[in-house]
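Here the structure comes first, spelled out in structure tokens, and everything after it is commentary.
2 protein chains.
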Amino acid sequence: MAYNFFYYAPTEVIFGKDTVTRVGELVKKYGGKKVLFVYGSERIRTNGLLDQIEASMKEAEIPYWLLGGVVPNPHIEKAREGMEIAKKEGIDFFIGIGGGSAIDTAKAIAYGMTDPDKDVWELYDDAVKRIPSGCYPVAAILTIAAAGSETSNSSVLTNAATGIKRSYNSELARPKFAIMDPTYTLTLPDWQTESGCADMMMHTMERYFVQGDTMEITDTIAEALLRTVIKNAKILHKDPQNYDARAEVMWAGSLAHNGLTGCGIHAGDFACHLIEHELGGLFDVTHGAGLAAIWSTWARYVYKDCLPRFVRYAIEVMQVEPGETDEETALRGIAAMEDFYKEIGMPTRIRDLGIMPTDEQCREMAKSCMVASGGKKGEAKVLYEEDVYNIYKAAL
Amino acid sequence: MAYNFFYYAPTEVIFGKDTVTRVGELVKKYGGKKVLFVYGSERIRTNGLLDQIEASMKEAEIPYWLLGGVVPNPHIEKAREGMEIAKKEGIDFFIGIGGGSAIDTAKAIAYGMTDPDKDVWELYDDAVKRIPSGCYPVAAILTIAAAGSETSNSSVLTNAATGIKRSYNSELARPKFAIMDPTYTLTLPDWQTESGCADMMMHTMERYFVQGDTMEITDTIAEALLRTVIKNAKILHKDPQNYDARAEVMWAGSLAHNGLTGCGIHAGDFACHLIEHELGGLFDVTHGAGLAAIWSTWARYVYKDCLPRFVRYAIEVMQVEPGETDEETALRGIAAMEDFYKEIGMPTRIRDLGIMPTDEQCREMAKSCMVASGGKKGEAKVLYEEDVYNIYKAAL
């Protein structure tokens with residue numbers, strides 16, 4: 005029987021060309037008085053995006069500050085830096101410009117500012133797990149289709165001092181609005197584009213490979229989304245300037261992680277995500293690529309315990325010919341997924357990421373992964389420390 | 005190229021068994037101090053639903069009032085009655101219990117109360133089209149899967165004095181929360197169940213049969229939704245007590261009309277809706293059944309002007325074998341849809357509704373339909389008064 009569920013995706017999405025000119029008006033609508041824009045590279049200064057944002061904010065007569073330099077696998081240290089600016093200037097509205105890294109940093113600052121004298125890492129730190137008093141309003145100007153943070157409740161930060169990467173999720177941080185102009189993704193390098201596609205697919209797959217009943221409408225929407233991303237990821241690998249394909253994956257990225265593809269399931273798996281977070285924290289790999297590098301090893305490790313879902317995935321998403329047995333069909337689906345990753349230039353092994361964790365590092369990561377997940381993780385198959393270690397080793 | 009779009013579906017959805025016990029807590033969360041519950045039949049007193057609601061409200065210590073007697077094709081007169089109660093008691097939160105009729109009435113009262121001394125029909129009246137000052141918070145406890153009003157921006161009211169049925173849409177009226185327990189739909193009569201399925205399918209089809217580019221992700225989600233409703237409408241026709249099938253169509257009804265299935269299109273068609281509104285206003289037919297009675301005639305009238313979409317619908321949704329020509333494939337899809345309507349006991353002609361409008365009434369309805377739509381309507385094919393008259397006549 006379908007499980008009870010909760011669905012809440014309140015973000016106002018403004019999608020398409022030249023939508024960024026509306027940022028000032030939207031900040032005003034949602035009551036922002038002073039805004040901090042949080043971003044990564046200085047590319048926004050040369051591609052015209054920042055000019056458009058500044059013009060809109062000036063027109064709306066809303067003062068704003070800029071905080072650049074957010075890196076992939078974003079650092080809690082940058083969020084602390086943002087909090088110092090916000091405290092000094094009395095900032096009450098936080099907008100990430102970029103992808104998940106910028107938006108997640110904005111979320112961390114917005115959480116942090118509700119308890120401005122405490123360390124915001126305490127929210128993410130397994131040893132403390134402090135609940136924030138609230139969250140200041142957050143919004144997003146999306147320029148990288150991947151993490152889905154522009155409409156999700158999720159944020160993932162890394163403590164650069166320790167290499168620990170952790171998430172904090174709460175409905176409080178759902179962005180008020182998300183401006184999504186695919187134009188600004190046209191110049192993304194292929195590696196980032198395809199890592200983004202791998203990431204959004206994984207957000208849906210984490211909710212797909214589960215035990216127990218599911219809802220047909222959720223399954224079919226998830227499959228539609230996955231097929232759309234596969235199709236357009238292939239197009240973008242050859243034709244990165246294709247606006248329509250950029251639009252498809254940009255919107256898919258939001259729907260993949262706003263909760264829609266998980267309605268009616270008991271709980272998502274998210275083992276791959278937690279296994280990857282350790283790689284991201286320790287080796288600073290690109291998140292989506294890290295997920296791709298792990299996935300097929302994870303899949304072959306767990307598929308027998310979640311066979312009906314792997315069979316359905318093989319047929320409905322990867323559209324393989326069924327094999328003589330369900331196991332054969334499932335394995336064909338996993339192989340087809342590997343072929344797809346290879347076709348779009350994504351890794352299928354950890355070594356493809358240009359790293360080679362030592363045995364000791366695999367042990368460390370498995371241990372840390374279990375700390376983050378409270379001793380076990382997974383719905384397709386429950387994984388313990390030894391399982392996670394085995395997956396790291398087999399994925400090398 | 006994909007069109008720019010806006011997507012905003014902020015309603016907090018609480019879905020599943022025994023969720024109604026949370027109503028008091030949710031009203032409190034959204035700041036309601038005094039609540040008016042608006043409902044239709046007194047069935048809610050006998051099936052235990054009202055008891056659960058009252059217990060939850062008492063536990064939350066929030067005073068509330070009840071307004072029953074909302075009818076299908078709900079009357080603006082009932083909304084005026086609700087406004088009188090709300091004015092007298094200082095009510096600031098409005099909850100529909102039921103389907104579209106109850107929720108739309110709650111929306112009308114919530115709009116009306118922001119200009120309490122003006123007539124709320126002025127919002128719906130083509131001759132006035134007053135913009136309301138705002139909208140008090142609205143919520144929904146859904147017991148009929150059909151209209152999607154529980155997450156939509158739409159409300160449709162009928163002026164009983166004149167038989168005029170009109171809609172008013174604005175983001176202001178999106179419900180704050182929607183409690184959706186499929187249990188309360190298990191006892192719905194077959195006619196209402198299947199009319200509901202026809203209505204939610206039409207909400208998606210109105211956004212599907214359009215000119216210009218569309219997004220693949222939207223198309224595939226729409227197709228997934230339509231196939232799911234078709235499958236479960238058939239199940240419910242034979243097995244109305246099937247909880248899972250009830251859950252599928254209940255959630256589909258929300259997704260069909262919250263905007264998701266229209267992302268990236270230029271505009272929806274909605275000619276069938278406006279053609280049906282005249283039947284609903286004049287003959288008080290069940291909305292979904294009225295749509296089914298109109299659809300295939302409309303489809304055969306317009307399909308040549310929107311051929312690629314009708315071909316795609318035939319193959320992806322109705323899953324027919326392609327014909328020798330696109331026209332043949334399209335017509336097979338329309339015929340398959342008629343067969344489906346017949347299989348679930350829905351009408352495919354106006355006479356199946358038990359009414360037979362006179363020629364003069366067809367003229368009147370076509371004229372009124374054009375008043376409501378500003379002289380022309382439709383995206384698949386633009387329809388004028390003579391076209392609408394022709395469709396009424398051909399659909400008899």
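Read top to bottom, the protein sequences are chains V and X.
Start counting the first sequence at 5; every next residue gets the next number (this note's numbering).
Start counting the second sequence at 5; every next residue gets the next number (this note's numbering).
Using N, Cα and C, we set each Cβ at its ideal position, and we do this for glycine too.
Cβ of Y11/V within 7 Å of any chain X Cβ: Answer yes: the Cβ-Cβ gap between Y11/V and chain X drops below 7 Å somewhere.
Measure the alpha-carbon distance for E175/V versus F9/V and round it to whole angstroms. If you take the alpha carbons of E175/V and F9/V, they lie about 14 Å apart.
Write down the C-beta distance between G102/X and G28/X rounded to the nearest angstrom, noting that I regard them as a contact closer than 8 Å. Their Cβ separation, rounded to whole angstroms, is 19 Å, which puts G102/X and G28/X out of contact at 8 Å.
Rounded separation between L127/X and N163/X - CA only: Going by the C-alpha atoms only, they are around 12 Å apart.
Which one or two residues does DSSP pair with Y2/X in a beta bridge? Any answer about residue 2/X is impossible in this case: the structure gives chain X only from 5 up to 400.
Beta-carbon neighbours of G20/X, restricted to chain V and to distances below 8 Å: Against G20/X, the close residues of chain V are A6, Y7, N8, F9, in the order they occur along the chain (beta-carbon pairs closer than 8 Å).
Test item: CB-CB of V214/X and I269/X under 7 Å: The Cβ atoms of V214/X and I269/X lie closer than 7 Å to each other.
State the DSSP-derived secondary structure class of R336/V, mapped to helix, strand or coil. Three-state result, R336/V: helix.
Would you mind listing the alpha helix (DSSP H) stretches within the stretch 272–325 of chain X that are 4+ residues and don't spill past its ends, in chain order? Segments of the alpha helix (DSSP H) lying fully in the stretch 272–325 of chain X: 275–287, 291–306, 311–316.
Since R353/X and A297/X are thought to touch, with beta carbons under 8 Å apart, how far apart are those beta carbons, to the nearest angstrom? Between R353/X and A297/X the beta-carbon gap is near 6 Å, inside 8 Å, which marks them as a contact.
Return the residue from the list D129/V, L40/V, V74/V that minimises the CA-CA distance to M117/V. Ranking the options by Cα distance to M117/V, first place goes to L40/V.
Need the endpoints of the alpha helix (DSSP H) that V375/X sits in, please. Unbroken alpha helix (DSSP H) run through V375/X: 363–377.
Any chance the stretch 271–283 of chain V sits against the stretch 386–398 of chain V, with 3 or more Cβ pairs inside 8 Å? Yes: the two stretches touch, three or more of their Cβ pairs being nearer than 8 Å.
Is there a Cβ from chain V that is less than 7 Å from the Cβ of V17/X? For V17/X, the answer is yes, since a Cβ of chain V falls inside 7 Å of its Cβ.
My output table needs one value for I95/V: the three-state DSSP class, helix, strand or coil. Secondary structure of I95/V (DSSP, three-state): coil.
Nearest-angstrom beta carbon gap, V24/X and I183/X [assumed within contact, 8 Å]: Under the criterion of beta carbons closer than 8 Å, I183/X and V24/X qualify as touching, at roughly 5 Å.
If we call anything under 7 Å between Cβ atoms a contact, is A228/X one with T208/V? Against a cut-off of 7 Å, the Cβ pair of T208/V and A228/X comes out as no contact.
Does any residue of chain V have a CB that is nearer than 7 Å to the CB of W125/X? For W125/X, the answer is no, since every Cβ of chain V falls outside 7 Å of its Cβ.
Using a beta-carbon distance cut-off of less than 8 Å, what residues from the stretch 243–260 of chain X approach chain V? Going along the stretch 243–260 of chain X in chain order, one finds Y247, D248, A251, E252, W255, A256, L259 with a Cβ nearer than 8 Å to chain V.
Going by C-alpha distance, which of K238/V, V321/V, N77/V is nearest R170/V? Here the closest residue by C-alpha is N77/V.
Comparing the C-beta of T232/V with each C-beta of chain X, is any distance below 7 Å? Interface with chain X (7 Å Cβ-Cβ cutoff): T232/V is included.
Which one of I319/X, A143/X, V233/X, L400/X has the shortest CA to CA distance from I338/X? For the residues I319/X, A143/X, V233/X, L400/X, the minimum Cα distance to I338/X belongs to I319/X.
To the nearest angstrom, how far is the alpha carbon of D363/V from that of A370/V? Approximately 11 Å, taken between the alpha carbons.
In whole angstroms, what separates the C-alpha of V253/V from that of A149/V? Straight across, the Cα-Cα distance linking V253/V with A149/V is about 7 Å.
Using CA coordinates, which residue listed in L357/X, A256/X, K238/X is at the minimum distance from E347/X? Taking only the C-alpha atoms, the option nearest E347/X is K238/X.
Rounded C-alpha distance that separates V160/X from Y172/X: Cα-Cα distance, rounded: 6 Å.
Can you find at least 3 beta carbon pairs, one from the stretch 191–208 of chain X and one from the stretch 196–203 of chain V, that sit closer than 8 Å? No contact exists between the stretch 191–208 of chain X and the stretch 196–203 of chain V.
Supposed contact pair P67/X and K38/X - C-beta distance, whole angstroms, cut 8 Å: Going by Cβ atoms, the distance from K38/X to P67/X rounds to 5 Å, so yes, they are a contact pair.
Taking the straight line between their C-alpha atoms, what separation do you get for A90/X and D96/X? Distance between the alpha carbons of A90/X and D96/X: 7 Å.
Going along chain V in order, which residues have a C-beta closer than 8 Å to the C-beta of C267/X? Chain-ordered, the chain V residues with CB closer than 8 Å to the CB of C267/X read F19, W255.
Where do the N-terminal and C-terminal ends of the beta strand (DSSP E) with R170/X fall, by residue? DSSP places R170/X inside the beta strand (DSSP E), whose first and last residues are 168–173.
Taking 7 Å as the CB-CB cut-off, is A228/V touching chain X? Interface residue, yes.
What residues of chain X sit near I99/V, judged by a beta carbon separation below 8 Å? Per Cβ cutoff of 8 Å: no residues; I99/V is ~18 Å from chain X at best.
Can you find the residues in the same chain that come closer than 7 Å, C-beta to C-beta, to T232/V, ignoring five residues on each side of it along the sequence? Closer than 7 Å at Cβ, skipping near neighbours: E252, A256.
Along the chain, where does the alpha helix (DSSP H) that runs through Y68/X open and close? Annotation: Y68/X is outside any alpha helix (DSSP H); the continuous beta strand (DSSP E) that includes it extends over 68–71.
In angstroms with no decimal places, state the Cα-to-Cα distance between N262/X and L230/X. Rounded to the nearest angstrom, the two C-alpha atoms are 15 Å apart.
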